[in-house]
Amino acid sequence: MALTLAADQNSVMATLYDAPTDELIDALTEELDNVVEAPEWAAFAKTGHDREMPPQQDDFWARRAASILRKVAVDGPVGVERLSTEYGSLTKGSTRYRVAPRQKTDGSKNIIRTILQQLEDADLVQQQGSEGRIVTGEGRSLLDDTAGDVLEDLDRPELERYA
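Numbering (this note's numbering), first residue to last: 4 to 166.
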């Protein structure tokens, strides 16, 4: 029995919790680049009302989709309102004189809702009634496979036990 346990421990796959978040989101961005497509209005939309300009990254839409997919997997079931709070920021008052007190602002709900709808169309996320959205088995598989690939590619000795 001890032999089978040792064999089972060696065949354990990496999960999304094992991989570093930044590297996982970078790898998921490449995976989701063909799955989600930025709408035409995305080039002009700000990510929150506290922002002055739209995002300048070329792969912003796929990167935000990867981040949202990971957040839904970790926190799910989660709704648009809570994700909007997660992607919000602190404003330091007026941008000219910085005299107003700090306030918490929410992120763009339209961007988050549109990305969640695209992830639902790709069968990576599904609605859980009125509780919010959760990751499907296919979405979990994509996250775990990508995390395994990330851990294999990393040259960090402290993470080798997970690969």
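Each residue gets a CB set at the ideal place from its N, CA and C atoms; glycine is no exception.
One thing to note: Thr117 has its Cβ no nearer than 9 Å to the Cβ of Gln129. Under DSSP, Gln129 shares a beta bridge with Ile137. For Gln121, the three-state secondary structure derived from DSSP is helix.
If you check the CB distance, Leu86 and Leu31 do not come in under 9 Å. Rounded to whole angstroms, the separation of the alpha carbons of Ala125 and Asp109 is 26 Å.
Comparing alpha-carbon positions, the option among Leu19, Asp21, Gly51 and Met16 lying closest to Ile114 turns out to be Gly51. Separation of the CB atoms of Lys74 and Leu93 is rounded to 19 Å, and the pair is thereby denied contact status at 8 Å. In terms of Cα proximity to Ile137, the closest of Ser111, Val83 and Glu89 is Val83.
Within the segment 39 to 117, the runs of alpha helix (DSSP H) at least 4 residues long that lie entirely inside it are, in chain order, 63 to 78 and 83 to 89. Secondary structure of Asp29 (DSSP, three-state): helix. When the five nearest sequence neighbours on each side are left out, the beta carbons in the same chain lying within less than 6 Å of the beta carbon of Leu35 are those of Ala65, Ala68 and Ala69, in order along the chain. With a beta-carbon spacing of about 6 Å, Ala150 and Asp21 fall inside the 8 Å limit used to define contacts.
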